[in-house]
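Heads up: the structure comes next, in structure tokens.
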Amino acid sequence: MLTFVQEKKMRSYFFLLFTLICLLGCKHKTEQGKTYTTGNITGMGTDTIYLYGVDKPSDLIDTIYVKNDKFFHTIQVDTICQIMLLFNNGQTYPVFLDKKNSIDIKGNIEQLNLLDVKGNPVNEELTSFLQNLENKGTVSETSIEEKVDSFICKNNSSLASIYLLDKYFVRTERPDSKRIKLLIEAMTGELQDKPYVQRLKEIADRVKVMESGQTIPSFTLTNIKGKKISRFSTKSEYLLIHFWASWNTESRLANAALRKINRISINKEKKRKKKEKDNKKELDILGISLDTNKEDWKQAVKKDTLTWEQVCDFYGWSSDIVKQCAVLKLPTNVLIHSTGRIIAYNIKQDSLSLKLEELIK
Numbered sequence: 000m001l002t003f004v005q006e007k008k009m010r011s012y013f014f015l016l017f018t019l020i021c022l023l024g025c026k027h028k029t030e031q032g033k034t035y036t037t038g039n040i041t042g043m044g045t046d047t048i049y050l051y052g053v054d055k056p057s058d059l060i061d062t063i064y065v066k067n068d069k070f071f072h073t074i075q076v077d078t079i080c081q082i083m084l085l086f087n088n089g090q091t092y093p094v095f096l097d098k099k100n101s102i103d104i105k106g107n108i109e110q111l112n113l114l115d116v117k118g119n120p121v122n123e124e125l126t127s128f129l130q131n132l133e134n135k136g137t138v139s140e141t142s143i144e145e146k147v148d149s150f151i152c153k154n155n156s157s158l159a160s161i162y163l164l165d166k167y168f169v170r171t172e173r174p175d176s177k178r179i180k181l182l183i184e185a186m187t188g189e190l191q192d193k194p195y196v197q198r199l200k201e202i203a204d205r206v207k208v209m210e211s212g213q214t215i216p217s218f219t220l221t222n223i224k225g226k227k228i229s230r231f232s233t234k235s236e237y238l239l240i241h242f243w244a245s246w247n248t249e250s251r252l253a254n255a256a257l258r259k260i261n262r263i264s265i266n267k268e269k270k271r272k273k274k275e276k277d278n279k280k281e282l283d284i285l286g287i288s289l290d291t292n293k294e295d296w297k298q299a300v301k302k303d304t305l306t307w308e309q310v311c312d313f314y315g316w317s318s319d320i321v322k323q324c325a326v327l328k329l330p331t332n333v334l335i336h337s338t339g340r341i342i343a344y345n346i347k348q349d350s351l352s353l354k355l356e357e358l359i360k
């Protein structure tokens, strides 16, 4: 028979044991709700990967630290969602997470556009589709679009379809707003209600506003010297607006091509002035930077020897003019008449040069 003291000790023991079991049970339940991601990207070495959301692309969710090509990450999710992996070279890749998933990512630093992601059906169907697309070899842009179109229509309830719509139909040089809306309509109501899809709808509407013959939205931005510049500031017949950023390699290369265009335009004006005594200016160029750091912007302007007007509001992708002009990738260009009428939107460098030769004699 237990004494009073022994009985009290036993009760305390059982209470502590019960509390410990409850705590361990709660911890186990929390751990079960997490998504575990392991990865091995050959050639990555020691590096960093950033995790961004898609409903609000500017929101950094977390950071993954890579060591000896490998990484491990845990995150709590309540339902299936898409995140974007952002690598230090600027490339991105989608991963779909769901509660209690174990995601496995494999790939090579030389082919970050073709990672092998396993762990749930959405990742696996997207990986399979992209690999099949790659295995087809060199195919036309039209053929790729047809295959993506078919995938979206057949998988109209899959989050992978939203990503493919964005990649192959929205973030292109000349987005087709009508086709984008038709593909959105083919999706289930649940997908259509997602903030990501709503944002793509808004982009489709803005793209329509930038079609040839439309009037470019008014804007006023500050140049390097602190002066306010608008589209009405130019006195030339044509204005070429160039969206770029110091951190974007392709737009820095485009700056070099624009130097040549600017030089040709200046030489034509000199000859015309000498021959016809005509002081009329035919072309001005306006650089609109998506930089958020003033010093980086100023250094890039100096290094690239950009002698034409440069403006920036340091809001990056959140800038009003970037949204209004449906700038989805860099570089982006818009050629307008002095009236504000859009002549060409986001045309390739060769086509741009030909268009300017046609307009400026």
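Residues 0 to 360 in numbering that gives the first Met the number 0 are what the sequence shown spells out, letter by letter. No residue lacks a Cβ here, since even glycine has one placed at the ideal position from N, Cα and C.
DSSP beta-bridge partners for GLU308?
LEU285
Out of LEU289, LEU50, LEU329, PRO330, state which residue places its alpha-carbon closest to the alpha-carbon of VAL310.
LEU289
Thinking C-alpha only, which one of ASN266, ASP312, GLY38 is nearest ILE104?
GLY38
Looking only at its chain, what residues have a beta carbon closer than 7 Å to the beta carbon of ASN254, apart from the 5 residues adjacent to it on each side?
TRP243, ASP303, LEU305
By Cβ distance, which residues of its chain are closer than 6 Å to ILE320, with the 5 residues on each side in sequence left out?
PHE218
Is LEU59 buried or exposed, if buried means 16 or more other CB atoms sit within 10 Å of its CB?
exposed
Quickly, what does DSSP pair ILE63 with across the bridge? List them, please.
ILE48
For the region 177–254, list the alpha helix (DSSP H) runs that are entirely contained and at least 4 residues long, ordered along the chain.
188–191, 194–208
Beta-bridge pairing of ARG340 - partner residues as DSSP gives them:
THR214
Whole-number beta carbon distance between TYR167 and ILE202, since they are thought to touch under 8 Å
Incorrect: roughly 14 Å between the Cβ atoms, too far for contact.
I'd like the list of long-range same chain contacts for THR62, defined as Cβ closer than 8 Å, with 5 residues on each side in sequence excluded.
THR47, ILE48, TYR49, LEU50
Given ASP192 as reference, the closest of SER156, TYR35, LYS226 once Cα atoms are compared:
SER156
Hey, quick one: how far does the beta strand (DSSP E) through PRO93 stretch, first residue to last?
91–96
The beta strand (DSSP E) with ASP115 in it runs from where to where?
115–117
Put LEU85 into one of helix, strand or coil per three-state DSSP.
strand
Where THR364 and ASP312 are concerned, what is the direct C-alpha to C-alpha distance, given to the nearest angstrom?
The chain is shown only over 0 to 360; residue 364 falls outside these bounds and no answer can be derived.
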